[in-house]
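One structure below.
Numbering (the numbering used here), first residue to last: 9 to 515.
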């Protein structure tokens, strides 16, 4: 841009003729300036990968989001679809149309979008089932993105060795695990002969993640305002995940905290110092299979005996756990039932190695372990999704892996959190509001009932009493609308889109 083409000050009456000439010249140059700007943006998109990924995201997501918004808007107008069934049918068409598109975009772009897909797949009420069908598979079936030769190059560079033969033997080219930022390979430590798992970070993964998170922050600010603060917290969680030396320290801390009490039920791999750097982490190899795979394999014959599917059998146990019915069964009684099964199997000469697996009991144990991490140790895994749990070869011990996202909390905060959990267990909205205030939690919700429901949803329970039949999106919108109606005496909006002033441009 040539700055002399712009007038340096507003023209006086004496200089209007010269000003008009300058403005005419500027108008003539505007198409050229626009072309320069467009060309510069395209060049930036080619050179800067983060900018290019952001453009790709908006090209896919913005039309999709507008279509969902429009259908939701029309469904609440006069003359629009009547009744929940018709509205659900309209949205089902959108889900069927866009689910394959989002799947292809997620697998193509990877980065944080893949991580976000894994996160939302852990709950059944975040997205419709047609999305969850392929999202759940990403917990342990992530496509490979790093070749074996590229992984070897990263290892030699990070560990400052001439070749992997200096430290490793029996290298397997096929990765045994693939995650959002890296891949895991199997090899043998040359000095001891021990089998090890080598976690190798994909080059430029950190840059891609940070660009993706910035893009998603923009999207949530516009489309899902209540999730914007959550995205800011997620961004903080990833500050150390790309430094595997931090994960090395996290592994050692978790082993010392958990194994003394839970070593008979779980195991955490031992990190190997000579195989550790910022982008490479070696640890002892845990032999087993993914927990989800093991559960489904062992539940199959039990489900067939009852004439139901494995998914229905799983859902039964999870519903029992969620509703609290399992509390009526003591640990001693559960142990007695398992003992009876083993005795009956030996008596009848039953040869199968498959024993009944208490899914609800395993989840209770995992929750107890997580509770110890948060309240007692002050050091907890902030990314405990099912893909990070293995069923080891003995069929009894769980292997816990991937401690890249670990948070440390001081004892003062833990005490306040414990008081909050007790208030939630008493189901006392005033006590919950007071405890949150003592913790310094800044809430946009000031009605005790709204504050209690939102806090219960995130920290305690998500049953019908709390959600009133709403999914997570509509529950958050309801909370914000209740506060707005309280302060402005306006009606509660009928849809999740209608409440957002930023969307008035489409109205």
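Every residue gets a Cβ at the ideal spot worked out from N, C-alpha and C, and that includes glycine.
Three or more C-beta pairs closer than 8 Å, one from the segment 425 to 435 and one from the segment 191 to 205: is that the case here?
By the Cβ test, the segment 425 to 435 is not in contact with the segment 191 to 205, since fewer than three Cβ pairs between them sit closer than 8 Å.
Span of the alpha helix (DSSP H), counted from its first residue to its last, around residue 143
Translated into positions along the chain shown, residue 143 becomes position 135. Looking at the DSSP string, the run of the alpha helix (DSSP H) that includes residue 143 is 137 to 143.
Near residue 18, which residues of its chain fall below 8 Å by C-beta distance, leaving aside the five closest residues on each side in sequence?
Start at 1 with the first residue of the chain shown, and residue 18 comes out as number 10. Reliability fails at residue 18, whose pLDDT of 41 lies under 50, so the model's placement of it is uncertain and the value that follows must be treated cautiously. Excluding sequence neighbours, residue 18 sits near nothing in its chain.
DSSP state of residue 79 mapped onto helix, strand, coil:
Indexing the chain shown from 1 puts residue 79 at position 71. Here residue 79 sits in helix by DSSP.
Opposing strand residues paired with residue 239 [DSSP bridges]
Counted from its first residue, the chain shown places residue 239 at position 231. Its beta-bridge partners do not exist; DSSP assigns none.
Helix, strand or coil: how does DSSP classify residue 279 here?
Looking up residue 279 in the chain shown gives position 271. Three-state result, residue 279: strand.
So, is residue 152 buried or exposed, given that buried needs 16 or more other C-beta atoms within 10 angstroms?
Residue numbering aside, residue 152 sits at position 144 when the chain shown is read from its first letter. The residue in question, residue 152, is exposed, as its Cβ has fewer than 16 Cβ neighbours within 10 Å.
Could you say if the segment 266 to 275 and the segment 171 to 178 meet the contact criterion of at least three C-beta pairs nearer than 8 Å?
Too few Cβ pairs lie closer than 8 Å, so no.
DSSP three-state label for residue 188, please.
As a position in the chain shown, residue 188 is number 180, starting the count at 1. Correct three-state label for residue 188: coil.
Taking the runs of the beta strand (DSSP E) that are 3 residues or longer, which of them lie wholly in the segment 195 to 263?
Qualifying beta strand (DSSP E) stretches, in chain order: 203 to 209.
Backbone secondary structure at residue 455 - three-state DSSP
Along the chain shown, one-based indexing puts residue 455 at 447. Secondary structure of residue 455 (DSSP, three-state): coil.
So what does residue 292 bridge to, in DSSP terms?
Locating residue 292 in the chain shown gives position 284, where the first residue counts as 1. Residue 292 is bridged to 204.
Can you tell me where the beta strand (DSSP E) with residue 408 in it begins and where it stops?
Here residue 408 corresponds to residue number 400 of the chain shown, with the count starting at 1. In the DSSP annotation of this structure, the continuous segment of the beta strand (DSSP E) that includes residue 408 starts and ends at 406 to 408.
If we count the other Cβ atoms within 10 Å of its Cβ and call it buried at 16 or more, is residue 71 buried or exposed?
Sequence index remark: in the chain shown, residue 71 carries index 63 (1-based). Around the CB of residue 71, fewer than 16 other CB atoms lie within 10 Å, so the residue is classed as exposed.
Which listed residue (307, 285, 419, 394) has its alpha carbon closest to that of residue 381:
Within the chain shown, the letter at position 373 stands for residue 381. Taking only the C-alpha atoms, the option nearest residue 381 is 419.
Do residue 481 and residue 447 come within 9 Å of each other at the CB atom, strictly closer than that value?
As a working mapping, residue 447 is identified with position 439 in the chain shown. As a working mapping, residue 481 is identified with position 473 in the chain shown. At least 9 Å separates the beta-carbon of residue 447 from that of residue 481.
With the cut-off set at 9 Å, would you say residue 393 and residue 129 are in Cβ contact?
By 1-based counting over the chain shown, the position of residue 393 is 385. By 1-based counting over the chain shown, the position of residue 129 is 121. Yes.
For residue 214 and residue 475, what's the separation of their Cα atoms in angstroms?
Mapped onto the chain shown, residue 214 falls at position 206. Mapped onto the chain shown, residue 475 falls at position 467. Cα-Cα distance, rounded: 37 Å.
Neighbour-count burial assignment, residue 155, 16 or more Cβ in a 10 Å radius
Residue mapping note: residue 155 aligns to position 147 of the chain shown, counting from 1. Counting every other CB atom within 10 Å of its CB across the protein chains shown gives residue 155 a total below 16, marking it as exposed.
Sub-9 Å separation of residue 408 and residue 289 beta-carbons:
As a first step, residue 408 must be located in the chain shown, where it is residue number 400. As a first step, residue 289 must be located in the chain shown, where it is residue number 281. The Cβ atoms of residue 408 and residue 289 lie no closer than 9 Å to each other.
Report all residues from its chain with a CB closer than 8 Å to the CB of residue 319; omit the five preceding and five following residues, and keep chain order.
Position 311 of the chain shown, counting from 1, holds the residue named residue 319. Contacts found: none.
Please report the distance separating the alpha-carbon of residue 280 from that of residue 247.
The sequence position of residue 280 within the chain shown is 272, counting from 1. The sequence position of residue 247 within the chain shown is 239, counting from 1. So the two alpha carbons sit approximately 23 Å from each other.
Where the beta strand (DSSP E) through residue 150 begins and ends
To locate residue 150, count along the chain shown from 1; it is residue 142. For residue 150, no beta strand (DSSP E) run applies, since DSSP gives it neither H nor E.
The alpha helix (DSSP H) that contains residue 299, what's its start and end?
The count along the chain shown starts at 1 and reaches residue 299 at position 291. Per DSSP, residue 299 belongs to the alpha helix (DSSP H) from 299 to 314.
Hey, would you say residue 68 sits closer than 9 Å to residue 110, going by beta carbons?
Stepping through the chain shown from its first residue, residue 68 is reached at position 60. Stepping through the chain shown from its first residue, residue 110 is reached at position 102. Yes, these two residues count as a Cβ contact at 9 Å.
Between 160, 173, 165, which has its C-alpha nearest residue 182's C-alpha?
Taking the first residue of the chain shown as 1, we reach residue 182 at position 174. Answer by Cα proximity: 160.
With a threshold of 8 Å, are at least 3 pairs of Cβ atoms found where one atom belongs to the segment 182 to 198 and the other to the segment 207 to 227?
In short, these stretches touch, since the Cβ pair count reaches three.
Which residue wins for smallest C-alpha separation from residue 147, given the options 165, 157, 186?
The residue given as residue 147 occupies position 139 in the chain shown. The residue with the shortest Cα to Cα distance from residue 147 is 186.
When burial is assigned at 16 or more other CB atoms within 10 Å of the CB, is residue 291 buried or exposed?
Here the question's residue 291 lines up with position 283 in the chain shown. Classification of residue 291: buried, given that the 10 Å Cβ count is 16 or more.
Can you grab the Cα-Cα spacing for the pair residue 316 / residue 142, in whole Å?
For this step, residue 316 is matched to residue 308 along the chain shown. For this step, residue 142 is matched to residue 134 along the chain shown. Cα to Cα, residue 316 sits roughly 22 Å from residue 142.
Residues near residue 259 by beta carbon distance below 8 Å, same chain, minus five either side:
Position 251 of the chain shown, counting from 1, holds the residue named residue 259. In the same chain as residue 259, and ignoring 5 residues on each side of it, the C-beta atoms closer than 8 Å to its own belong to 276, 277, 278, 279, 291, 411, in chain order.
Would you mind sorting residue 287 into buried or exposed? The rule is 16 or more other CB atoms within 10 Å of its CB.
For this step, residue 287 is matched to residue 279 along the chain shown. Around the beta carbon of residue 287, a 10 Å sphere encloses 16 or more other beta carbons of the protein chains shown; the residue is thus reported as buried.
Among 60, 120, 387, 144, whose alpha-carbon lies nearest the alpha-carbon of residue 217?
In the chain shown, residue 217 corresponds to position 209, counting from 1. For residue 217, the closest alpha carbon among the candidates 60, 120, 387, 144 is that of 120.
In the DSSP assignment, the alpha helix (DSSP H) including residue 440 goes from what residue to what residue?
Counting from one through the chain shown, the residue named residue 440 turns up at place 432. Under the DSSP assignment, residue 440 falls in the alpha helix (DSSP H) whose first and last residues are 437 to 447.
CB-CB under 8 Å to residue 307, same chain, minus the five flanking residues each way: which ones, in chain order?
As a working mapping, residue 307 is identified with position 299 in the chain shown. Within the same chain, residue 307 has close Cβ partners 318, 321, 322, 365, 367.
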